[in-house]
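Novice: Numbering (my numbering), first residue to last: 494 to 965.
Note that CB positions come from ideal geometry on N, CA and C, so glycine has one too.
Got a structure here, written out as structure tokens. Questions coming.
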Amino acid sequence: MEIILKSGEKSSIDQELVNDFAAKLGGVLISASDDNYDEVRQIWNGMHDKKPALIAQCSGVADVVASVNFARENDVLVSIRGGGHNVAGSASNDGGLMIDLSQMKGIRLNAEKGTVYAQGGATLGDLDRETQVLGMAVPGGVVSTTGIAGLTLGGGFGWLRKKYGLSIDNLVSVDIVTPDGKFLTACEKDNSDLFWAVRGGGGNFGVVTSFEYKMYPVGPMVTLCAPFYPAEEADKILPVWTAFVDESPDEVSSTAMFWTIPPVPDFPQEVHGRRVLILSAVHCGSIEEGQRVLQPLREVSTPLVDLSTPIPWTMLQGMFDPFFPKGEQLYYFKSTYLNKLDSPTINALIPKAVHPPQPMILIAIWHIGGAVSRISEDATAFTGRQSNFLFSVDAIWADAGAKDEVITYAREYLADMKAFSPGGLYVNFAGLGEEGVDLVKEAYGKNYDRLSSIKAKYDPGNLFRLNQNIKP
Ligand code: FAD
Numbered sequence: 494m495e496i497i498l499k500s501g502e503k504s505s506i507d508q509e510l511v512n513d514f515a516a517k518l519g520g521v522l523i524s525a526s527d528d529n530y531d532e533v534r535q536i537w538n539g540m541h542d543k544k545p546a547l548i549a550q551c552s553g554v555a556d557v558v559a560s561v562n563f564a565r566e567n568d569v570l571v572s573i574r575g576g577g578h579n580v581a582g583s584a585s586n587d588g589g590l591m592i593d594l595s596q597m598k599g600i601r602l603n604a605e606k607g608t609v610y611a612q613g614g615a616t617l618g619d620l621d622r623e624t625q626v627l628g629m630a631v632p633g634g635v636v637s638t639t640g641i642a643g644l645t646l647g648g649g650f651g652w653l654r655k656k657y658g659l660s661i662d663n664l665v666s667v668d669i670v671t672p673d674g675k676f677l678t679a680c681e682k683d684n685s686d687l688f689w690a691v692r693g694g695g696g697n698f699g700v701v702t703s704f705e706y707k708m709y710p711v712g713p714m715v716t717l718c719a720p721f722y723p724a725e726e727a728d729k730i731l732p733v734w735t736a737f738v739d740e741s742p743d744e745v746s747s748t749a750m751f752w753t754i755p756p757v758p759d760f761p762q763e764v765h766g767r768r769v770l771i772l773s774a775v776h777c778g779s780i781e782e783g784q785r786v787l788q789p790l791r792e793v794s795t796p797l798v799d800l801s802t803p804i805p806w807t808m809l810q811g812m813f814d815p816f817f818p819k820g821e822q823l824y825y826f827k828s829t830y831l832n833k834l835d836s837p838t839i840n841a842l843i844p845k846a847v848h849p850p851q852p853m854i855l856i857a858i859w860h861i862g863g864a865v866s867r868i869s870e871d872a873t874a875f876t877g878r879q880s881n882f883l884f885s886v887d888a889i890w891a892d893a894g895a896k897d898e899v900i901t902y903a904r905e906y907l908a909d910m911k912a913f914s915p916g917g918l919y920v921n922f923a924g925l926g927e928e929g930v931d932l933v934k935e936a937y938g939k940n941y942d943r944l945s946s947i948k949a950k951y952d953p954g955n956l957f958r959l960n961q962n963i964k965p
């Protein structure tokens, strides 16, 4: 069979070796001749149509070990698929092996210890569903179909960030299969260098088969604040929001978002197509307190629509899902950090946010602060904690022909905003990773050299290179 090597060269591999590999798996080895190949190889971003030669649908750690050994021993190009959401399409590859964890979704609650173990193929929705059995939640992201693996390994921004930090700030341990095929547990006490590196360093160090997280009492109801203001009023509204988030308690995590109201029955017809600035915020404490604390955000001007309401935590987490369907749309998310939203920054930010080339382009300004910023920059591989805001252009569009125009817009917008940035970017919103090592160095800043030496220890041959790649 034809196979692409990790060097990118085309080669062939003895069918007997492939058959031996398949026989070692408890799960299945899928190739182009299988009926479900097209369905299984599909990832979130409709921009990518990658065709791996082999997909190992792993059923557990033993399958992951067999897959890593097969890739290393045969020098095969390999990628890791958690939830398949990464916009760069790094979960898949052309012509190599995809290690697919989508069947590994087991979750085990430890009520006594207040932690939860989740396998590497679980989604945020899977995790929320289980932890809510105990009235608990783990800080994750805001779209339930996102994989916990890629999200956590890059950082993990969600609605609990100001109170409890990023997903990585709540990791207790990971189980990981390293490039030499060894199974290790990394935590503060054991393999602590690896534990430091996986908290932000992405899929560079091995395949994480299980994550152990701290969980917290959240819900079942939380308070959502979501007034939709006319985008044209952004110059008056953003300064009020900035002052609010600076002062708000840790229970409040807030993101200001420019968006276009889609023509769907959930919204009144007269506002369909209106460009809006949504002051979204979630208060994770009591409903009474949440409504009181968030009320000022609803009174900044006259909202076109106001979706503010007490809401079940799991419903909140799935609320944005319909706008991010799998495979049907093209996605390009790119980010930088901002320290402040003063007048010059706001003036530079508004024009492109109000007039995007495609209506569904979302411009998000995530307030950081709180628990995220109380951890030092060198405590984990992740950087950006001391910035007040994460600015991201989340380009979403359906017409493949608009790709060049949209990507050019996003890149130019980011270049404009970098003039106001202390530097850095979020690796999980890194476009297609097209700037290569420069982008990765910018993302990790002072932590890059330490990451590079840990990479050299665990992955000297750079087996895991389809990611925001840290060079050994
Ligand atoms: P995949 O595409 O499966 O994997 C991405 C990369 O992670 C892989 O290439 C691999 O290098 C690595 N990886 C995956 N699984 C493993 C594993 N088990 N072991 C080792 N490495 C692995 N981010 C936020 O912080 N907050 C959000 O609210 C948020 N919302 C999003 C919403 C949408 C619609 C999308 C598309 C993305 C969102 N993101 C968000 C970004 C998200 O964190 C990244 O796309 C992340 O990579 C998704 O993880 P995944 O497992 O689904 O990705």
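1) Measure the Cβ-Cβ separation of Asn881 and Gly695 and say whether it is below 8 angstroms.
2) Which one of Leu918, Arg943 and Pro849 has the shortest CA to CA distance from Leu932?
3) Tell me the DSSP secondary structure of Gly618 in three-state form.
4) Leaving aside the five residues before and after Glu502 along the sequence, list all residues of the same chain whose C-beta is less than 8 angstroms from its C-beta, in chain order.
5) Starting from Gly640, follow its DSSP beta bridges and name the residues at the other end.
6) Near Thr616, what residues of its chain come up, given a Cβ to Cβ distance below 7 angstroms and the 5 sequence neighbours on each side ignored?
7) Can you tell me the Cβ-Cβ gap for Val886 and Ala903, rounded? I've got them flagged as a contact below 8 angstroms.
8) Looking at Val561 and Thr702, is the spacing between their C-beta atoms short of 8 angstroms?
9) With respect to 7 angstroms, is the separation between the Cβ of Gly975 and the closest non-hydrogen atom of ligand 1 below this value?
10) Roughly how many whole angstroms lie between the Cα atoms of Phe884 and Met494?
11) Rounded to whole angstroms, what's the CA-CA distance from Val930 to Phe760? Just pull it up for me.
12) For a quick check, are the C-beta atoms of Ala564 and Leu594 less than 8 angstroms apart?
13) Write down the C-beta distance between Thr748 and Trp859 rounded to the nearest angstrom, noting that I regard them as a contact closer than 8 angstroms.
14) With a threshold of 8 angstroms, are at least 3 pairs of Cβ atoms found where one atom belongs to the stretch 642–660 and the other to the stretch 845–853?
15) In terms of DSSP beta bridges, what is Arg768 paired with?
16) Can you give me the Cβ contacts of Gly461 inside the same chain, cut-off strictly under 6 angstroms, excluding the 5 residues immediately before and after it?
17) Check whether the stretch 763–777 and the stretch 720–729 are in contact - that is, three or more C-beta pairs closer than 8 angstroms.
18) So, using beta-carbon positions, are Met597 and Gly613 closer together than 8 angstroms?
19) Candidates Asn579, Ser583, Leu620 and Asn586: which alpha carbon is nearest Gly599's?
20) By the three-class DSSP mapping on this structure, what secondary structure does Asp527 have?
21) At a threshold of 7 angstroms, does Gly634 count as lining ligand 2 (C-beta to nearest heavy atom)?
22) For a minimum of 4 consecutive residues, which ranges assigned as the alpha helix (DSSP H) are wholly contained in the stretch 778–824?
23) What residue range does the beta strand (DSSP E) around Ile861 cover?
24) In three-state DSSP terms, what is Ala630?
25) What are the boundary residues of the beta strand (DSSP E) that Ala549 is part of?
26) Hey, how far is the Cα of Lys484 from the Cα of Lys675?
27) What does a CB cutoff of less than 6 angstroms around Arg601 pick up in its chain, not counting 5 residues either side in sequence?
28) Could you give the distance in angstroms between the alpha-carbon of Pro953 and the alpha-carbon of Phe922?
29) Using the DSSP secondary-structure output, state which residues sit across from Glu495 in a beta bridge.
30) Figure out for me which residue from Pro755, Phe751, Asn512 and Glu782 has the closest Cα to the Cα of Pro742.
31) DSSP beta-bridge partners for Arg601?
32) Identify which residue in Gly894, Gln550, Thr876 and Leu790 has its Cα closest to the Cα of Pro915.
33) May I ask you to report which of helix, strand or coil DSSP gives Ile900?
34) Measuring CB to CB, does Lys682 end up less than 8 angstroms from Val569?
35) Spatial neighbours of Gln535 within its chain, please: C-beta separation below 6 angstroms, excluding the five flanking residues on both sides.
36) Taking DSSP's pairing of strands, which residues face Lys705 in a bridge?
Specialist: Short version:
1) Annotated as distal: Asn881 and Gly695, with beta-carbon spacing of 8 angstroms or more.
2) Closest option to Leu932, Cα to Cα, is Leu918.
3) Three-state result, Gly618: helix.
4) Excluding sequence positions up to five before and after Glu502, its CB lies less than 8 angstroms from no other CB in the same chain.
5) DSSP, once it has assigned bridges, lists Thr616 as partnering Gly640.
6) Closer than 7 angstroms at the Cβ level, and outside the excluded window around Thr616, lie Gly576, Ser637, Thr638, Thr639, Gly640 and Ile641.
7) The pair is a contact, with the Cβ atoms about 5 angstroms apart (cut-off 8 angstroms).
8) Cβ distance not < 8 angstroms, so Thr702 and Val561 don't count as in contact.
9) Here the chain has residues from 494 to 965 only, and residue 975 is not among them.
10) Approximately 45 angstroms between the Cα atoms of the pair.
11) Rounded to whole angstroms, the gap between the alpha carbons of Val930 and Phe760 is 43 angstroms.
12) In this structure, Leu594 does not lie closer than 8 angstroms to Ala564 by Cβ.
13) The Cβ separation is near 5 angstroms, so the contact holds.
14) At 8 angstroms Cβ cutoff, the stretches do not touch.
15) Thr753.
16) Coverage of the chain is limited to positions 494 through 965, which leaves residue 461 absent and any answer about it impossible.
17) Yes, since at least three Cβ pairs between the stretch 763–777 and the stretch 720–729 fall closer than 8 angstroms, the two stretches touch.
18) Yes.
19) Closest by alpha carbon: Leu620.
20) Correct three-state label for Asp527: coil.
21) As for ligand 2, it is missing from this structure, which binds only ligand 1.
22) Complete alpha helix (DSSP H) runs here, min 4: 780–787 and 806–811.
23) If you look at Ile861, you'll find it isn't in any beta strand (DSSP E); DSSP assigns it neither H nor E.
24) Three-state result, Ala630: strand.
25) Its beta strand (DSSP E) spans residues Leu547 to Gln550.
26) Outside the modelled stretch of the chain, which goes from 494 to 965, sits residue 484, for which no answer is possible.
27) Answer for Arg601: Tyr610, listed in chain order.
28) Roughly 26 angstroms between the two C-alpha positions.
29) Beta-bridge pairing links Glu495 to Ser505.
30) Answer by Cα proximity: Glu782.
31) According to DSSP, Arg601 bridges with Tyr610.
32) Looking at the Cα atoms, Thr876 is the closest of the given residues.
33) Here Ile900 sits in helix by DSSP.
34) At a Cβ-Cβ threshold of 8 angstroms, Lys682 and Val569 do not count as neighbours.
35) Once the five neighbours on either side are set aside, the close Cβ partners of Gln535 are Gly820.
36) The sequence given here has Glu at residue 705, not Lys. Tyr610 and Ser666.
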